[in-house]
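*Asks:*
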Amino acid sequence: DQVTGSLASAAKLADQLGTWLAVAALTAAFLVASLVTVSSVSRRVREFGTLKALGWRSRRIVGQVMGESLVQGIVGGVAGVVVGLGGARLITALSPTLEAAVGSVTDGATAAGGPGMPGGPMERMAAAADTVTVQLGAPVSAQLALVAAGLAVAGGLLAGAFGGWRAARLRPADALRRVD
């Protein structure tokens with residue numbers, strides 16, 4: 115019972131740690147995408163200023179930046195799924211096989227001789243043991259691939275919305291006056 119409880123606690127801890135690491139990585143990825151988009155908008159200040167001077171509304175500029183980020187999110191999501199599938203296959207192909215001997219003592223184990231004696235408990239335990247083979251791998255499902263691609267698209271949209279908002283706030287006169 116103690117071993118089972120310890121294993122269950124360790125599995126729960128590993129699961130929670132994995133969840134928090136995934137949330138942290140996803141947050142970092144969204145922040146990096148947003149910073150890159152804002153940086154791109156900062157380099158294109160004159161372009162957006164000219165578009166606003168020509169009469170583009172803020173909503174159209176936000177849509178332009180979001181559209182560009184959406185395409186980048188889709189391309190990144192597809193590339194990420196392809197790389198992930200390749201990595202999962204590589205892990206499955208190169209992972210070692212683990213073997214463990216599992217067994218139990220049959221009823222009446224102490225009726226015959228002592229340890230090491232013919233017919234004793236150790237001999238019966240060895241006879242009752244089975245070898246279990248576990249092949250390590252990286253399971254991948256279609257649902258997991260869709261979630262990954264969806265998160266990439268969501269990250270692109272979020273970054274595009276933030277970058278577009280920054281671009282739409284530009285005043286045409288300030289943007290055209292800026293020299294790069």
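Mapping of the sequence shown onto this note's numbering: position 118 corresponds to residue 232, and the numbering continues sequentially without gaps.
C-beta atoms are modelled at their ideal positions from N, C-alpha and C, and glycine is treated no differently.
#1: Give the straight-line distance between the Cα atoms of Leu-290 and Arg-171, rounded to the nearest whole angstrom.
#2: Alpha carbon to alpha carbon, what distance is there between Ala-214 and Val-176?
#3: If you compare alpha carbons, which of Met-180, Ser-255, Arg-158 is closest to Ala-273?
#4: On the criterion of 16 or more Cβ atoms from any shown chain inside 10 Å, does Arg-280 qualify as buried, or is it exposed?
#5: Indicate whether the contact test is met: 3 or more Cβ pairs, each with one atom in the region 197 to 209 and one in the region 246 to 261, closer than 8 Å.
#6: For Val-248, count neighbouring Cβ atoms within 10 angstroms of its own Cβ and tell me buried if that reaches 16, exposed if not.
#7: For Gly-269, count the other beta carbons within 10 Å of its own beta carbon; 16 or more makes it buried, fewer makes it exposed. Which is it?
#8: Against chain B, does Ala-266 count as a neighbour if the rule is that its beta carbon must be under 8 Å from one of theirs?
#9: Could you pull the DSSP bridge partners for Thr-211 from this structure?
#10: Ignoring anything shorter than 4 residues or poking outside the region 124 to 204, list the alpha helix (DSSP H) runs there in chain order.
*Replies:* Result, derived from the coordinates:
#1: The count along the sequence shown starts at 1 and reaches residue 290 at position 176. The count along the sequence shown starts at 1 and reaches residue 171 at position 57. Distance between the alpha carbons of Leu-290 and Arg-171: 16 Å.
#2: For the purposes of this step, residue 176 is taken as residue 62 along the sequence shown, with counting starting at 1. For the purposes of this step, residue 214 is taken as residue 100 along the sequence shown, with counting starting at 1. Approximately 59 Å, taken between the alpha carbons.
#3: Locating residue 273 in the sequence shown gives position 159, where the first residue counts as 1. Here the closest residue by C-alpha is Met-180.
#4: Translated into the one-based positions of the sequence shown, residue 280 becomes position 166. Buried.
#5: Short answer: they touch.
#6: Within the sequence shown, residue 248 is the residue found at index 134, counting from 1. Val-248 sits exposed, since fewer than 16 C-beta atoms from the chains shown fall within 10 Å of its C-beta.
#7: Here residue 269 refers to the residue found at position 155 when the sequence shown is read from its first residue. Buried: at least 16 other Cβ atoms inside 10 Å.
#8: Protein chains in the displayed structure number just one, and chain B is not present.
#9: If you number the sequence shown from 1, residue 211 lands on position 97. Its beta-bridge partners are Gln-249.
#10: The region 124 to 204 contains these whole alpha helix (DSSP H) runs: 159 to 167.
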